[in-house]
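As structure tokens, the structure follows; a few thoughts come after it.
2 protein chains.
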Amino acid sequence: MAPMAKEDLAALDAHWRAANYLSVGQIYLMGNPLLTERLRPEHIKPRLLGHWGTSPGLNLVHTHLNRVIKERDLNALCVWGPGHGGPAVLANSWLEGSYTQTYPAVTRDAEGMERLFRQFSFPGGVPSHVAPETPGSIHEGGELGYSLAHAYGAAFDNPDLVVACVIGDGEAETGPLAGSWHSNKFLDPVHDGAVLPILHLNGYKIANPTLLARLPDAELDALLKGYGHDPLYVTGDDPLQVHQAMADTLDQALDRIAAIQRAARDGGAHQRARWPVVVLRTPKGWTGPRSVDGEPVENTWRSHQVPLSGVRENPDHLRQLEEWLRSYRPEELFDAEGAPTGDVLACVPEGERRLGATRHANGGLLSRALPLPPLEDFAVPVDEPGATLHEPTRVTGALLARVMADTARRRDFRVVGPDETESNRLGALFGATGKAWQERTLGTDEHLARDGRVMEVLSEHLCQGWLEGYTLTGRTASSPATKPSSTSSTRWSTSTSSG
Amino acid sequence: MAPMAKEDLAALDAHWRAANYLSVGQIYLMGNPLLTERLRPEHIKPRLLGHWGTSPGLNLVHTHLNRVIKERDLNALCVWGPGHGGPAVLANSWLEGSYTQTYPAVTRDAEGMERLFRQFSFPGGVPSHVAPETPGSIHEGGELGYSLAHAYGAAFDNPDLVVACVIGDGEAETGPLAGSWHSNKFLDPVHDGAVLPILHLNGYKIANPTLLARLPDAELDALLKGYGHDPLYVTGDDPLQVHQAMADTLDQALDRIAAIQRAARDGGAHQRARWPVVVLRTPKGWTGPRSVDGEPVENTWRSHQVPLSGVRENPDHLRQLEEWLRSYRPEELFDAEGAPTGDVLACVPEGERRLGATRHANGGLLSRALPLPPLEDFAVPVDEPGATLHEPTRVTGALLARVMADTARRRDFRVVGPDETESNRLGALFGATGKAWQERTLGTDEHLARDGRVMEVLSEHLCQGWLEGYTLTGRTASSPATKPSSTSSTRWSTSTSSG
Chain C
13 MAPMAKEDLA
23 ALDAHWRAAN
33 YLSVGQIYLM
43 GNPLLTERLR
53 PEHIKPRLLG
63 HWGTSPGLNL
73 VHTHLNRVIK
83 ERDLNALCVW
93 GPGHGGPAVL
103 ANSWLEGSYT
113 QTYPAVTRDA
123 EGMERLFRQF
133 SFPGGVPSHV
143 APETPGSIHE
153 GGELGYSLAH
163 AYGAAFDNPD
173 LVVACVIGDG
183 EAETGPLAGS
193 WHSNKFLDPV
203 HDGAVLPILH
213 LNGYKIANPT
223 LLARLPDAEL
233 DALLKGYGHD
243 PLYVTGDDPL
253 QVHQAMADTL
263 DQALDRIAAI
273 QRAARDGGAH
283 QRARWPVVVL
293 RTPKGWTGPR
303 SVDGEPVENT
313 WRSHQVPLSG
323 VRENPDHLRQ
333 LEEWLRSYRP
343 EELFDAEGAP
353 TGDVLACVPE
363 GERRLGATRH
373 ANGGLLSRAL
383 PLPPLEDFAV
393 PVDEPGATLH
403 EPTRVTGALL
413 ARVMADTARR
423 RDFRVVGPDE
433 TESNRLGALF
443 GATGKAWQER
453 TLGTDEHLAR
463 DGRVMEVLSE
473 HLCQGWLEGY
483 TLTGRTASSP
493 ATKPSSTSST
503 RWSTSTSSG
Chain E
13 MAPMAKEDLA
23 ALDAHWRAAN
33 YLSVGQIYLM
43 GNPLLTERLR
53 PEHIKPRLLG
63 HWGTSPGLNL
73 VHTHLNRVIK
83 ERDLNALCVW
93 GPGHGGPAVL
103 ANSWLEGSYT
113 QTYPAVTRDA
123 EGMERLFRQF
133 SFPGGVPSHV
143 APETPGSIHE
153 GGELGYSLAH
163 AYGAAFDNPD
173 LVVACVIGDG
183 EAETGPLAGS
193 WHSNKFLDPV
203 HDGAVLPILH
213 LNGYKIANPT
223 LLARLPDAEL
233 DALLKGYGHD
243 PLYVTGDDPL
253 QVHQAMADTL
263 DQALDRIAAI
273 QRAARDGGAH
283 QRARWPVVVL
293 RTPKGWTGPR
303 SVDGEPVENT
313 WRSHQVPLSG
323 VRENPDHLRQ
333 LEEWLRSYRP
343 EELFDAEGAP
353 TGDVLACVPE
363 GERRLGATRH
373 ANGGLLSRAL
383 PLPPLEDFAV
393 PVDEPGATLH
403 EPTRVTGALL
413 ARVMADTARR
423 RDFRVVGPDE
433 TESNRLGALF
443 GATGKAWQER
453 TLGTDEHLAR
463 DGRVMEVLSE
473 HLCQGWLEGY
483 TLTGRTASSP
493 ATKPSSTSST
503 RWSTSTSSG
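Protein chains in written order, with this note's numbering: chain C, 13 to 511; chain E, 13 to 511.
Now the structure itself:
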């Protein structure tokens, strides 16, 4: 691939620096947002909260997703696994204008910037993690373990959607996330969209190194290939080199996704695809203070939350914070009114293509009432009390099968469960659809189908995550419960039996 | 490796057939245990319950563990992940005599065999899954997801113990299990014992194929190598061939374990070991009915529970059951009184070496009171109400550190948590021990140590599983909770914060 033009790289870097600046601003500042004067203690919030460590990585991913969305006119959604990096996602939403569109009081100028900063993790303000009110979000930050399952849930039956999913190396240690990698065995490249996992190895969790970041390279590569992925690596701590590598890699990944989809949709592919995964290895707290009070901070766990903690009281910390903020050269990034410059916004897509403005993150705008048949059609005649035996879930199964058949074209209804559809007597469903399955099949298998809309996997975490991702993007999913009385089309019920 | 002598293979096969016979007997029979007469409907239980599908695989593993335990005088424990295969574990306990030792009424003769059969999943009898009352068990069958974490918990600080762990391919789909593979990054070959995972791919769960069984071979191999293991494969459906392969493979695996331990304990090894994992691929419901009512059963999901379901009413099913039972040639396996023959018992170890009689599965026999310091040593002087500020968990940290120091030789105390020891102000612990860690370290790391007894991983499932395995084998573990009030040395408290 030809290297990018210098000015294009510089514009990406400007966007990234702006997002980093805004992230630091949210953690620390309640005044003087553009640093038009020297920083003084009264500009600093009285209580410092927030997670800086993951933010520069999230900002990098958002900047580069912007570029490919705009260049390719992609229909994209992003699930931010390290959603404790709320400052980053908020910063990007403000830069692209989706924040002001949602919250008009937070204008895209100096006054709005001050509001953006002050409200962050502040009484009466906004949460420090990605939250339901964050534009573009379907995934609660801090809900460690479910990002990838949510991403798959969003991609099912959304053939035109690309769902990027940033997975932190902390979250990657959790069981639910570790089990989610196998979701690719259930994704149909014809009727479903694509998931692009971006495993962000910044090396540290709260006070420890992370497991995946310390694996020998060959072991990590084997692991991701074992999960059925084709890994692409971006590694570095020099911004311009990383921008170039990240741009090349996202282009490669999206070209592969397009090729996989084309092959499958042309009817040519009969083997499960090896979808790409991006491994992004950048320093935790990148571009933040290298050391504080003599202790190394950048690229260590000490950058996890607030690297400079005594800013109001300690003049040295105050000076370091000002140097840090000025290192992004805000005067190049924002005009005199505080609006982002043209360079900063060069990569930002328009309208609903913006990650903070996609309808897919706001399922209520997309969902349609399910075509529910009259309940009378499924009435069970009882001539005499206590004289006949009936199995209620068999009746429910017939009803669900009707809904499944009536949504065959719309494809906005799924049944998800831990391999208990049949044992819970809902087997009538298999007259209307199959069980999603992309692996090889044997002659003795029954009901397995690439395009099936019943999903069975022996991980209730995965079931739960898929179901949430599917419904939060405006569709309906139901789960077979072990107890017939709790089967319902809108409520999830867990089941613990192994048979 | 030289092939085994024919008579040794035949003796292993006799033990396996006996265990299979006893497993089927438990599911079906309430009389005529030795088939001394033709099977009649009144010999059959009125309600048929139990899981046959996994049982022949568990019986194979138990038979072969017996052999290596006896030959090598191993101190071994086995965690039976597919513990819904209760009939298999009970059958083996009865064969080795640990069942009768624990429950004297269930004698090792025809009368006891009838009791063993009748009590299984019967009113007033015993559960159909491996349960606390099952000899040799620390892992509730059906608690899918925790087998491997329990096995590691048992192995920590038990340097002479080998913990085999059978993982079913259904359970392997769960998040907690998927995350547990990385436990090997926390196991110290000097002070801890060994865990030998045996991944049993019998291909099916309740009504579906399993994910791992249908992966392309190269992908499965990459996955296990990515988890840091060295995979060894045993595949087949011909019993004598599989006996030979399983014997060779267990010998290889145990030789490697011994070599790893020797190298580490001689002070020679500085890299994390690549421990073996055995992949056992045998048919689900192996040796059971090939087909029932025209449908294939053996090697399909239909063998998951009770392959012949209408035995009392359907003469054809009754005939098939009798053929099935007689296919094990019980007359060769049990003498006229119903006791197992010498051939059957040739592989069985003695005394506490028997898997159903090991003290490690009965932690109460091993646990010693912790050396708790006088609480007064940690009293916080409060001269005046409401006048001073104190952090209770810092005080707790000092107390835990004292206990940690006082158990430095005994090594029967650990603190386990999701990377919150420091943030919950229990950091005083690091004056007494380090954090368990076998990966490479960097100059900026703190407190990481191969032999550390604080364990931090960002998976609460793993924390919970390790802690259970450790305490159920007679030691004490504590967990730092997010809420200071719920920190205690005997209660586990979950924490959900990401920082």
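Built from N, CA and C at the ideal position, the CB exists for glycine as well. Keep in mind it's a predicted model, so treat the numbers as computed, not measured.
- Within the model, the alpha-carbon separation for Asp121(C) versus Ile81(C) is close to 25 Å.
- Distance between Thr453(E) and Asp463(E), taken at the CA atoms: about 14 Å.
- Taking all protein chains in view, the Cβ of Arg284(E) is crowded by 16 or more other Cβ atoms within 10 Å, so the residue is classified as buried.
- Taking the CA atoms as reference points, Phe134(C) sits about 45 Å from Arg286(C).
- For Asn87(C), the enclosing beta strand (DSSP E) stretches over residues Asn87 to Trp92.
- The Cβ-Cβ distance between Thr247(C) and Arg302(C) does not fall below 8 Å.
- For the set His241(E), His282(E), Gly297(E) and Glu403(E), the Cα lying nearest the Cα of Pro288(E) is the one of His241(E).
- With fewer than 16 other Cβ atoms inside 10 Å of its own Cβ, Asp328(E) counts as exposed.
- The beta-carbon of Arg226(C) is placed less than 8 Å from the nearest beta-carbon of chain E.
- Using beta-carbon distances, Gly240(E) counts as an interface residue toward chain C, with a partner under 8 Å.
- Contact between Leu51(C) and Gly350(C) is absent: CB atoms are separated by about 17 Å, not below the 8 Å threshold.
- Not flagged as an interface residue toward chain E: Glu335(C), since no C-beta distance is shorter than 8 Å.
- Residues of the stretch 300-332 of chain E with a C-beta less than 7 Å from any C-beta of chain C: Pro308, Thr312, His316 and Gln317, listed in chain order.
- Assigned with DSSP and collapsed to three states, Pro147(E) falls in coil, not helix or strand.
- Counting of Cβ neighbours within 10 angstroms places Leu387(C) among the exposed residues, the total staying below 16.
- By the rule that beta-carbons nearer than 8 Å mark a contact, Val290(C) does not touch chain E.
- Taking a Cβ-Cβ threshold of 7 Å, none of the residues of chain C is close to His151(E); the smallest such distance is about 13 Å.
- Ile56(E) and Arg331(E) have their C-alpha atoms roughly 12 Å apart.
- Taking 7 Å as the Cβ-Cβ cut-off, the stretch 186-197 of chain C approaches chain E at Thr186, Gly187, Pro188, Ala190, Gly191, His194 and Lys197, given in chain order.
- Taking C-beta separations shorter than 6 Å and ignoring five residues to either side along the sequence, the partners of Arg487(E) in its chain run Asp424, following chain order.
- When 7 Å is used as the limit between beta carbons, Ile218(C) is near these residues of chain E: Asp431, Glu432, Ser435 and Gly511, in chain order.
- Val469, Leu470, Ser471, Glu472, His473 and Leu474: these are the residues of the stretch 469-488 of chain E whose beta carbon lies less than 8 Å from some beta carbon of chain C, given in chain order.
- Interface flag for Thr456(E) against chain C is set, since a Cβ pair is found closer than 8 Å.
- In this structure the stretch 113-128 of chain C does not touch the stretch 370-382 of chain C; the number of beta carbon pairs closer than 8 Å is below three.
- Against Ala234(C), the close residues of chain E are Ala234, Lys237 and Gly238, in the order they occur along the chain (beta-carbon pairs closer than 7 Å).
- By the neighbour-count definition (other C-beta atoms within 10 Å, threshold 16), Leu77(E) is a buried residue.
- Contact check between the stretch 437-446 of chain C and the stretch 404-413 of chain C: three or more CB pairs, one atom from each, fall below 8 Å, which counts as touching.
- Relative to the Cα of Asn326(E), the nearest Cα in the group Glu54(E), Pro188(E), Leu460(E) and Ala22(E) belongs to Glu54(E).
- At a cut-off of 8 Å between C-beta atoms, Glu231(E) counts as an interface residue with respect to chain C.
- Under a criterion of Cβ atoms nearer than 7 Å, the residues of chain C adjacent to Arg452(E) are, in order, Arg226.
- The Cβ-Cβ distance between His203(C) and Asp169(C) falls below 8 Å.
- Between the beta-carbon of Ile272(E) and that of Pro209(E) there is about 14 Å, and that puts the pair past the 8 Å contact cut.
- Following the DSSP letters along the chain, one finds Phe129(E) inside the alpha helix (DSSP H) bounded by residues Ala122 to Gln131.
- The beta carbon of Glu126(E) lies closer than 7 Å to those of Gly43 and Pro45 in the same chain, with the five residues before and after it left out.
- When 7 Å is used as the limit between beta carbons, Lys447(C) is near these residues of chain E: Asn220, in chain order.
- Leu156(C) belongs to the set of residues whose beta carbon lies under 8 Å from a beta carbon in chain E.
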